[in-house]
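Report on the following structure.
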């Protein structure tokens with residue numbers, strides 16, 4: 012299937028119009044320009060394979076698989092499940108939710124890489140799938156994160172707010188009947204838009220937008236969840252080395268004596284934290300706007316294509332291995348531990364060997380690592396690795 016970047020997801024709306032009018036502001040329904048827009052991206056069989064054979068950092072996370080259903084009061088509820096329960100719970104009418112699928116499925120890993128590259132702002136991006144029998148779905152709620160819903164199979168009816176009820180909320184909200192009746196956060200069912208998604212359709216919801224959904228036939232969709240970096244994330248990394256330079260800041264104080272109310276022990280504890288707060292204040296005073304700006308630009312490179320004379324250095328050691336792509340042709344998976352960072356054509360293997368052997372280099376030197384590729388393709392690969400954080404500009 013063709014590359015799915017952000018422009019392809021919001022088409023036919025122009026990308027600049029999406030950013031200006033919708034990003035973190037307004038919901039967007041993007042009907043499929045053609046029914047095959049998402050064909051081959053993911054399917055039921057690959058969901059089952061990922062459920063039974065997970066890989067990556069979250070392979071053993073108990074939140075990886077969940078089932079959603081209505082409790083005896085008619086309210087939304089969910090529970091953690093294991094792979095053996097997936098088919099029985101689907102048969103019982105529950106929705107199965109599988110998280111962090113991009114860590115297991117190479118096709119979804121490539122999608123994440125394409126979206127991050129085209130988004131041009133630093134985000135954590137993960138992929139979940141929702142498989143719902145007809146009549147199943149999720150109750151009213153809003154989330155702390157923006158998301159793109161990609162309808163892959165079947166149909167699902169969405170009731171969603173055109174704008175956020177809360178701008179950049181700190182917590183998810185799942186209101187019960189009393190909260191709905193009290194119009195929590197201005198909730199008004201009559202103000203929700205209604206749209207049935209069919210295969211190839213895309214729905215964008217900003218964080219804080221109310222929504223509830225129900226499958227009108229067996230439905231499969233994937234959800235791209237975007238978790239933006241905030242100023243505290245940037246500042247934390249910059250402050251950490253400064254704060255931990257003092258060995259006393261590397262551990263918590265001892266408990267204040269045999270009992271927490273011991274007066275002398277309590278005073279020693281407060282004195283310890285007072286010293287740490289003084290250190291934090293001094294570190295914040297040393298932090299400059301320029302340092303934060305540099306950290307932001309490093310998270311989201313926006314300085315254009317890679318020039319032949321650009322100095323580059325390896326920021327992350329990665330591995331690679333051959334695999335079979337969705338069409339059966341050989342591809343190369345670029346991995347960081349168990350996580351798949353990118354899926355590249357087999358012709359890029361020489362490029363990856365050169366990358367592993369050179370910690371610092373000038374961009375034009377990489378041409379020799381992949382002599383069968385034109386410079387434009389080599390520059391694109393270098394740019395992808397800068398966007399992924401494997402390389403940084405010198």
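Numbering (our numbering), first residue to last: 12 to 405. A virtual CB, placed ideally from N, CA and C, is assigned to each residue, including glycine. This one's a predicted model, so the numbers in the text were calculated from it and none came from an experiment.
Are the beta-carbon atoms belonging to residue i and residue j less than 8 Å from one another?
i	j	result
residue 139	residue 112	yes
residue 125	residue 16	yes
residue 67	residue 115	yes
residue 344	residue 335	no
residue 372	residue 392	no
residue 174	residue 141	no
residue 65	residue 351	no
residue 414	residue 151	Residue 414 lies beyond the stretch modelled for the chain, which goes from 12 to 405, so this question has no answer here.
residue 216	residue 171	yes
residue 153	residue 188	no
residue 165	residue 226	yes
residue 306	residue 249	yes
residue 326	residue 402	yes
residue 41	residue 18	no
Could you tell me the distance, in whole angstroms, from the CA atom of residue i to the CA atom of residue j?
i	j	result
residue 255	residue 330	31 Å
residue 405	residue 301	17 Å
residue 46	residue 211	5 Å
residue 89	residue 79	4 Å
residue 314	residue 235	Low confidence applies to residue 314: its pLDDT is 48, below 50, so where it sits in the model is not reliable enough to give any reading.
residue 208	residue 298	48 Å
residue 60	residue 148	22 Å
residue 73	residue 169	28 Å
residue 312	residue 395	Unreliable placement is indicated for residue 312, whose pLDDT of 47 sits below 50; the coordinate value is still reported in the next sentence. Computed Cα separation, rounded: 10 Å.
residue 384	residue 320	18 Å
residue 258	residue 96	49 Å
residue 357	residue 296	50 Å
residue 262	residue 275	20 Å
residue 367	residue 119	24 Å
residue 347	residue 194	46 Å
residue 98	residue 58	12 Å
residue 84	residue 31	42 Å
residue 397	residue 381	18 Å
residue 81	residue 101	14 Å
residue 388	residue 33	32 Å
residue 355	residue 341	9 Å
residue 283	residue 265	10 Å
residue 28	residue 281	53 Å
residue 293	residue 37	41 Å
residue 247	residue 285	19 Å
residue 201	residue 39	18 Å
residue 24	residue 203	22 Å
residue 353	residue 386	20 Å
residue 273	residue 241	40 Å
What residues match up with residue i in a beta bridge as DSSP calls it?
i	result
residue 206	169
residue 318	Partner(s): none; residue 318 has no beta bridge.
residue 328	Answer by DSSP bridge pairing: none, since residue 328 is not bridged.
residue 356	342
residue 141	108 and 232
residue 74	Paired residues: none, contrary to the question.
residue 239	134
residue 375	Its beta-bridge partners do not exist; DSSP assigns none.
residue 184	153
Just confirm the distance between the C-beta atoms of residue i and residue j, as a whole number of angstroms; I'd bet it's less than 8 Å.
i	j	result
residue 76	residue 94	7 Å
residue 69	residue 110	7 Å
residue 145	residue 229	6 Å
residue 339	residue 290	Going by Cβ atoms, the distance from residue 339 to residue 290 rounds to 58 Å, so no, they are not a contact pair.
residue 317	residue 390	5 Å
residue 134	residue 279	At roughly 43 Å, the Cβ-Cβ gap does not stay under 8 Å, so residue 134 and residue 279 are not in contact.
residue 218	residue 156	5 Å
residue 196	residue 184	7 Å
residue 377	residue 365	6 Å
Pick from the options: whose alpha carbon is nearest that of residue i?
i	options	result
residue 369	354, 323 and 387	323
residue 167	196, 288 and 214	214
residue 399	359, 341, 328 and 245	328
residue 129	321, 26, 358 and 261	26
residue 223	378, 86 and 387	86
residue 49	160, 82, 98 and 92	160
residue 108	376, 143 and 247	143
residue 359	332, 183 and 347	332
residue 163	293, 201 and 43	43
residue 127	33, 247, 20 and 292	20
residue 53	293, 122 and 38	122
residue 198	204, 221, 205 and 183	221
residue 287	201, 37, 158 and 253	253
residue 233	158, 273, 304 and 285	158
residue 243	202, 303 and 24	303
Would you check whether the ligand COA has a heavy atom nearer than 7 Å to the C-beta of residue i?
i	result
residue 170	This structure lacks the ligand COA, and indeed carries no ligand of any kind.
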